[in-house]
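Chemist: Here the numbering used here runs 2 ahead of the position in the sequence shown, where the first position is 1. Let me begin by handing over the structure; questions about it come next.
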Amino acid sequence: MRLGRDTREEILNAAEELLQRRGYNAFSYQHIAVQLGIRNAAIHYHFPGKEDLGVALVKRYRQRFRDWTDEVARLSNAWDRLNAHFQTYVEYAVAGSKICPGGVLSSEFEAIPEVMRHEARLLMREIFEWLIETLDAGRAQGSLNFIGDSRHKAVEIGAALQGSLQIARMAGEERFHQVLQQLALELRHSSADSLP
3 MRLGRDTREE
13 ILNAAEELLQ
23 RRGYNAFSYQ
33 HIAVQLGIRN
43 AAIHYHFPGK
53 EDLGVALVKR
63 YRQRFRDWTD
73 EVARLSNAWD
83 RLNAHFQTYV
93 EYAVAGSKIC
103 PGGVLSSEFE
113 AIPEVMRHEA
123 RLLMREIFEW
133 LIETLDAGRA
143 QGSLNFIGDS
153 RHKAVEIGAA
163 LQGSLQIARM
173 AGEERFHQVL
183 QQLALELRHS
193 SADSLP
């Protein structure tokens, strides 16, 4: 493969693909070098150690998430914002055997370097803070209805999305979509339809 103008970005792109398909500990610089048709030294030039590459990936995920939240903030309806969040997971599901960054980092949490753990915690905190804020806004405007604390519902949503992506890898994409439909059903029901 011929690299574009920004070798660093190409390396990050290749590493991201490998991370989301295999996990952090299941790929090496050699995998990236072969995929991009470059030498390991080119990767070491930009990322002296794999830990440096891992931290750069998580920081990039965090920046993307912040950029994305800025973009969807223009949507006045909280359900529309939450549904946009769901659609990012749909993209992972239809990509085939890909899981979200948070899912990978959570499942390998004890095996990744401490500096990556720190960045992963920040990423998860930012995602959950956004979910809580969106759920609270949706409840206030009447576009979202759910029982219980928004903090607990945010964790439930995060677990359902991450877990269903994992299940879809083995049982098929349909399982992911079933979970997504159930989440939408539960969040959009009217108070008159409340479960007992």
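Yeah, the Cβ is synthetic: ideal placement off N, Cα and C, and Gly gets one too. Quantities reported herein were computed from a predicted structural model and do not represent experimental measurements.
Round the Cβ separation of Tyr91 and Leu163 to the nearest angstrom and send it over; I've been treating them as touching at under 8 Å.
Modeler: The count along the sequence shown starts at 1 and reaches residue 91 at position 89. The count along the sequence shown starts at 1 and reaches residue 163 at position 161. Between Leu163 and Tyr91 the Cβ distance is about 5 Å, and since that is below 8 Å, they are a contact.
Chemist: DSSP on Leu182, reduced to helix/strand/coil?
Modeler: For the purposes of this step, residue 182 is taken as the residue at position 180 of the sequence shown. Three-state result, Leu182: helix.
Chemist: Within 10 angstroms of its Cβ, does Ala97 collect 16 or more other Cβ (buried), or is it exposed?
Modeler: Sequence index remark: in the sequence shown, residue 97 carries index 95 (1-based). Exposed, since its Cβ has fewer than 16 Cβ neighbours within 10 Å.
Chemist: Return helix, strand or coil for Lys209, following the three-state DSSP convention.
Modeler: With the chain represented from 3 up to 198, any question about residue 209 goes unanswered, as that position is not in the structure.
Chemist: Could you check the C-alpha separation between Ile114 and Leu21 for me, to the nearest Å?
Modeler: Reading the sequence shown from its first residue, position 112 is the one you call residue 114. Reading the sequence shown from its first residue, position 19 is the one you call residue 21. Those two C-alpha atoms are separated by around 12 Å.
Chemist: Is it buried or exposed, Arg83, if we count other Cβ atoms within 10 angstroms and call 16 or more buried?
Modeler: The residue labelled residue 83 in the question sits at position 81 within the sequence shown. Buried: at least 16 other Cβ atoms inside 10 Å.
Chemist: Around the Cβ of Tyr31, are there at least 16 other Cβ atoms within 10 angstroms (buried) or fewer (exposed)?
Modeler: The residue you call residue 31 lines up with position 29 of the sequence shown. So Tyr31 counts as buried.
Chemist: Is it the case that the segment 44 to 55 contacts the segment 123 to 134, given that we only count it when at least three CB pairs across the two stretches are under 8 Å?
Modeler: Cβ pair count under 8 Å is below three, so no.
Chemist: Could you check what DSSP says for Arg62 in three-state terms: helix, strand or coil?
Modeler: Position 60 of the sequence shown holds residue 62. Helix.
Chemist: Under the assumption that Ile101 contacts Leu185 (Cβ atoms under 8 Å), give the Cβ distance between them as a whole number of angstroms.
Modeler: Taking the first residue of the sequence shown as position 1, residue 101 is located at position 99. Taking the first residue of the sequence shown as position 1, residue 185 is located at position 183. Between Leu185 and Ile101 the Cβ distance is about 17 Å, and since that is not below 8 Å, they are no contact.
Chemist: For the alpha helix (DSSP H) that Phe148 lies in, which residues bound it at each end?
Modeler: Within the sequence shown, the letter at position 146 stands for residue 148. Premise fails: Phe148 is in no alpha helix (DSSP H) and is neither H nor E.
Chemist: I'd like the list of long-range same chain contacts for Arg23, defined as Cβ closer than 7 Å, with 5 residues on each side in sequence excluded.
Modeler: The residue you call residue 23 lines up with position 21 of the sequence shown. Ser99, Lys100.
Chemist: Between which two residues does the alpha helix (DSSP H) containing Glu18 stretch?
Modeler: Taking the sequence shown and counting its residues from 1, the one referred to as residue 18 is at position 16. Unbroken alpha helix (DSSP H) run through Glu18: 9 to 24.
Chemist: Going by CA-CA distance only, name the one from Gly105, Phe67, Ala75, Phe88 that's closest to His179.
Modeler: To locate residue 179, count along the sequence shown from 1; it is residue 177. Taking only the C-alpha atoms, the option nearest His179 is Phe88.
Chemist: How would you write the range of the alpha helix (DSSP H) that Ile45 sits in, first residue to last?
Modeler: Indexing the sequence shown from 1 puts residue 45 at position 43. 42 to 48 is the span of the alpha helix (DSSP H), which, as asked, contains Ile45.
Chemist: Taking the alpha helix (DSSP H) that His33 falls in, what are its first and last residues?
Modeler: On the sequence shown, residue 33 is found 31 positions in, with the first residue counted as 1. Residues 31 to 38.
Chemist: Determine the direct distance from the alpha carbon of Ser109 to that of Asn27, and round the result to whole angstroms.
Modeler: Numbered from its first residue, the sequence shown carries residue 27 at position 25. Numbered from its first residue, the sequence shown carries residue 109 at position 107. Distance between the alpha carbons of Asn27 and Ser109 is about 11 Å.
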